[in-house]
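Q:
Numbering (the working numbering), first residue to last: 1111 to 1431.
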C-alpha cells in the first residue's frame, strides 16, 4: 500500500519548472500525487503522478455539490483556503492510501520515502503546520475534521465563504485555521518544520524556520552554501570556517521566485538550486569542499526589487490609491 497521496488542484499555467517538480516526485515510490488542472501541456508525468484534466468552472461546481454553504471560489488563488477540504472532496480517489495531504508546486521534493516512514506517520493524525506541505491520516472522521468547531465557532464557514484569503490551510498567520481545529479537538499533531524555505524578500537564500511553540518565523543568518537535488534528496552544503557541512531537508520551497532553467536541466539527474536558477550538475560520488567551491552559487537578478515593487502595487490597489 502507498503511504500517501498529495492532492493538488491548480488552475492556470503551471510554473516553468513544473517538470522539475515532477522529476523530484518520481523517485518517491511510496507516495503519489494527484494533479487536477486545466493546463494540458505535454509534461512528462511519472507513474506516481496522475493528472486529471478539469476546467475551473467544473471544479467549482464539483466542490459546491459537497457543501450547503455558498462557496467563495471566484478565483483560483482562493484554493489555499480549501486545501484542508481535499480529503473530503476527493475521498473516492484516495481510499487506498493511509494518508493524504496537500503541497505546493513551487517546490522540489526530497527523499520522502526515507524521511516519512509509515512508522513515523502512524503516530499522528496531522503532520506539519505550514501550507506548502501537510499530511492527514486518511479516515472518515479526519477527512471531516475541518468541520469541527473551536469554542462553538466554525472556522471553515468563514474560510470557505469569504472572498478574502483567510489562510485556513496553515498556522503562523493567525489562529483560525486547520491546525488550531486539530489541536483544540485533541488530535495528535506533529508541528516541526522540515522544509528548506528561503525567505521571500532577499535575493540570497536565507532559510526561514517556523517554530510552532512561539508561533513565530525565524530567519537564519546568511550562510555560504548551495542547495542541490541529487536525484532523490534535497541537500544543502554549507561552507563554514573552511569546513563542509551537509544538511538534508524534506523539500525546498521557492515561494514567489521566478526561476530560470539552465541548459539541459529538465533532463538532469542532479541539479543545483540557486537564487534564482536551476543548473545541471554532474555530481561526483564524493562531494568535496573544493567541488562545492567551484559551483556557481549566486546569479545576478532583480528578485528583491521585483518583489518589493509587486507588494507596493498590491498595497496601493488594496487601499484604493
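Every residue gets a Cβ at the ideal spot worked out from N, C-alpha and C, and that includes glycine.
What you are looking at is a predicted structure, and each value in this text was computed from that prediction instead of being measured.
Give me the residue from 1341, 1338, 1339 and 1316 with the minimum Cα distance to residue 1332.
A: It is 1316.
Q: Inspect the beta-carbon positions of residue 1153 and residue 1116 and report whether they are closer than 8 Å.
A: No, Cβ-Cβ distance for residue 1153 and residue 1116 is not below 8 Å.
Q: Count the other CB atoms, across all protein chains shown, that sit within 10 Å of the CB of residue 1259; report buried if there are 16 or more and exposed otherwise.
A: The residue in question, residue 1259, is exposed, as its Cβ has fewer than 16 Cβ neighbours within 10 Å.
Q: On the three-state DSSP scale, how would you describe residue 1306?
A: Three-state result, residue 1306: strand.
Q: Where does residue 1179 fall in DSSP's three states?
A: In the structure shown, residue 1179 sits in coil (DSSP, three-state: anything other than H, G, I, E or B).
Q: Going by beta-carbon coordinates alone, are residue 1279 and residue 1182 separated by less than 8 Å?
A: Against a cut-off of 8 Å, the Cβ pair of residue 1182 and residue 1279 comes out as no contact.
Q: Do the region 1138 to 1145 and the region 1159 to 1177 make contact, defined as three or more Cβ pairs closer than 8 Å?
A: Enough Cβ pairs lie closer than 8 Å, so yes.
Q: Please identify the residue among 1334, 1314 and 1307 whose C-alpha is closest to the C-alpha of residue 1327.
A: When each option's Cα is compared against that of residue 1327, the closest is 1307.
Q: Is the distance from the Cβ of residue 1379 to the Cβ of residue 1341 below 8 Å?
A: Contact: yes.
Q: Quick one: grab the DSSP three-state call for residue 1289.
A: In the structure shown, residue 1289 sits in a helix (DSSP, three-state: H, G or I).
Q: On the DSSP bridge assignment, give the partners of residue 1337 in chain order.
A: Answer is 1346 and 1383, bridged to residue 1337.
Q: According to DSSP, simplified to helix, strand and coil, what is residue 1373?
A: Residue 1373: coil per DSSP, three-state reduction.
Q: Have a look at residue 1174 and residue 1268 and give me their C-alpha separation to the nearest angstrom.
A: About 15 Å.
Q: Report all residues from its chain with a CB closer than 7 Å to the CB of residue 1293; omit the five preceding and five following residues, and keep chain order.
A: Excluding residues within five positions, the ones whose Cβ falls inside 7 Å are 1299.
Q: Taking the C-alpha atoms as reference points, what is the distance between residue 1256 and residue 1193?
A: If I take the Cα positions, the gap works out to 10 Å.
Q: Measuring CB to CB, does residue 1373 end up less than 8 Å from residue 1393?
A: The answer is no: Cβ separation not under 8 Å.
Q: Give the secondary structure of residue 1142 by DSSP, where H, G and I count as helix, E and B as strand, and everything else as coil.
A: Three-state result, residue 1142: strand.
Q: Pick out whichever of 1416, 1125, 1189 and 1323 has its Cα sitting closest to the Cα of residue 1289.
A: Looking at the Cα atoms, 1323 is the closest of the given residues.
Q: Does the distance from the CB of residue 1388 to the CB of residue 1375 come in under 8 Å?
A: Their beta carbons are under 8 Å apart, which means residue 1388 touches residue 1375 by this criterion.
Q: Counting pairs of beta carbons, one from the region 1204 to 1213 and one from the region 1243 to 1254, are three or more of them closer than 8 Å?
A: Contact holds: three or more Cβ-Cβ distances are below 8 Å.
Q: Could you spell out the range, first to last residue, of the alpha helix (DSSP H) harbouring residue 1271?
A: Its alpha helix (DSSP H) spans residues 1265 to 1271.
Q: For the putative contact between residue 1349 and residue 1215, defined by C-beta atoms under 8 Å, what is the C-beta separation to the nearest angstrom?
A: Not quite, the Cβ-Cβ distance comes to about 31 Å (not below 8 Å), so this is no contact.
Q: Can you find the residues in the same chain that come closer than 8 Å, C-beta to C-beta, to residue 1277, ignoring five residues on each side of it along the sequence?
A: Correct list, in chain order: 1190, 1191, 1241, 1283, 1284 and 1287.
Q: How far does the beta strand (DSSP E) with residue 1359 in it reach, from first residue to last?
A: Element bounds for residue 1359: 1353 to 1359.
Q: Mind checking residue 1113: buried by the 16 CB within 10 Å criterion, or exposed?
A: Residue 1113 is buried by the Cβ-count criterion.
Q: Can you tell me which residues form a DSSP beta bridge with residue 1114?
A: Looking at the DSSP assignment, residue 1114 forms a beta bridge with 1141 and 1209.
Q: Going by CA-CA distance only, name the one from 1170, 1347, 1131 and 1167 that's closest to residue 1358.
A: Residue 1347 is the option with its Cα nearest to residue 1358.
Q: Helix, strand or coil, according to DSSP, for residue 1204 in the structure here?
A: In the structure shown, residue 1204 sits in coil (DSSP, three-state: anything other than H, G, I, E or B).
Q: Could you spell out where the alpha helix (DSSP H) holding residue 1402 opens and where it closes?
A: Residues 1399 to 1404.
Q: By Cβ distance, which residues of its chain are closer than 7 Å to residue 1165, with the 5 residues on each side in sequence left out?
A: Counting only Cβ-Cβ distances below 7 Å, and skipping sequence neighbours, we find 1148.
Q: What's the gap between the Cα of residue 1186 and the Cα of residue 1271?
A: Approximately 14 Å, taken between the alpha carbons.
Q: Can you tell me which of the three DSSP states residue 1240 falls into?
A: Correct three-state label for residue 1240: coil.
Q: Would residue 1354 and residue 1304 qualify as a contact pair, given that the criterion is a beta-carbon distance under 8 Å?
A: Not closer than 8 Å, so no.
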